[in-house]
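J.: Encoded as structure tokens, here's the structure I'll be asking about.
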Amino acid sequence: MDYNQEQKQDRKTLLWAALAVLLLLNLVLVYFIYHEKQENLAKDDIITAKTEEVLFIKTKLDSISQELDIKIAEIQKLGGSVDSLLAMKSQLEKDKLELKNMSNYSASGYNKKIKGYETVLNEKDTEIAELKQELGIATSKNQELNEKVTGLESEKQLLADSVTNYSVQNRELAEKVTIASALRAENLTVNAVSAKGKEREGGKYKAKRIDKLRVNFSLAPNAVAKQNEKEMYLRILDPDGAVLSDMATGSGSFMHDGKELIYSSRQTVNFTNSGQSVDILYGRGGIPLKDGKYAIEVYSEGFKIGQGDFEVR
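The opening residue of the sequence shown carries number 901 in my numbering; numbering runs sequentially from there.
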């Protein structure tokens, strides 16, 4: 009995010892689990803080990038150089890409870069202000030049107007001189000359007694007219308004006021400004003249210088 009780007591002692060891192991396991959890929580806090820091830096870089774009556009508009800003823009984009690689992340390094970028942007504000001031001065000078150009154009226009006025006046004067120099046929008479050479006057003639017509007139003195040879064109119009002409006996055409007119006869006269008398003959060439009133017109140097009439019955 003593032996069995002793064995039971030993087994009981071993059981308690095993339970004590198991309890100790559980306590150690709980400790390690708790410690690991605390370490994980600490790591999570670090990662969270680092993530927030990275997001802040990324936001800052994005803001600098936008401001940099504004500065580039403004300086280009003002005519300044943006080469350095474009280079900085390229570097900024590289920094933003590298920010995704957490293994190379350095908060101090990025903060230093951000400070450098902000310094450059502040310097560009000063440059933009100087460019605006220079542009203001240039604009003022351009305004002065524009005003001078406008003044010169006004003077040019006034000069052109004056030249035009002088041209008009000269043309009007020339026209007046031309008109004043026009000859004037005075005391125009028409005599009938028979085939036998007998000449009749009075202005009324029988058709059968007319072989030729002699138109006589005197050229009034004109101090303005040039003393030179002048062509005299005689037009004889029948009662129907048709011009008597015979190309075979010296009739032809001449220009008057842009129109071609037929003349009956032509005579070259050396004008001497002496009131000289002029005779122009027209032979009817065997063609009988119809009864009625005939008109006489004399032209020279673009002017109608005289007129008259006669009657055939």
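Positions of the beta carbon are idealized from the N, C-alpha and C atoms, including for glycine.
Looking at residue 1126: is its Cβ nearer than 8 Å to the Cβ of residue 1081?
T.: yes
J.: For a quick check, are the C-beta atoms of residue 1208 and residue 1090 less than 8 Å apart?
T.: Result yes, Cβ atoms of residue 1208 and residue 1090 sit closer than 8 Å.
J.: Can you give me the C-alpha to C-alpha distance between residue 989 and residue 996, rounded to a whole angstrom?
T.: 11 Å
J.: For a test of the three-state rule: what should DSSP assign to residue 1195, helix, strand or coil?
T.: strand
J.: Under 8 Å, Cβ to Cβ, is there at least one residue of chain C near residue 1212?
T.: Included in the structure is just one protein chain, with no chain C present.
J.: Leaving out the 5 sequence neighbours to the left and right, which residues in its chain are closer than 7 Å to residue 1188 when beta-carbon positions are compared?
T.: 1107
J.: Short check: CB of residue 1153 to CB of residue 1160, under 8 Å?
T.: yes
J.: What number of angstroms, rounded off, separates the C-alpha of residue 914 from the C-alpha of residue 925?
T.: Straight-line Cα distance between these residues: approximately 16 Å.
J.: Residue 1182 and residue 1139 look like a contact to me (Cβ under 8 Å); what is the Cβ gap, rounded to whole Å?
T.: No, residue 1182 and residue 1139 are not in contact; Cβ-Cβ is about 16 Å, not under 8 Å.
J.: Do residue 1053 and residue 1135 have their CB atoms nearer than 8 Å?
T.: no
J.: Let me make sure I understand the geometry here. Which of 1130, 961 and 1184 has the alpha-carbon closest to that of residue 1016?
T.: Of 1130, 961 and 1184, the residue nearest in Cα terms is 961.
J.: On the DSSP bridge list, what partners appear for residue 1218?
T.: With the chain covering only 901 through 1213, there is no way to say anything about residue 1218.
J.: Exposed or buried, what is residue 1144 when buried is set at 16 or more other beta-carbons lying within 10 Å of its beta-carbon?
T.: buried
J.: With DSSP collapsed to three states, give me the class of residue 1171.
T.: coil
J.: What does the alpha-carbon distance come out to for the pair residue 1018 and residue 954?
T.: 18 Å
J.: Count the other CB atoms, across all protein chains shown, that sit within 10 Å of the CB of residue 933; report buried if there are 16 or more and exposed otherwise.
T.: If you draw a 10 Å sphere on the C-beta of residue 933, you find fewer than 16 other C-beta atoms in it, and that means exposed.
J.: Report the CB separation of residue 1083 from residue 1205 in whole angstroms; it is logged as a contact under 8 Å.
T.: 5 Å
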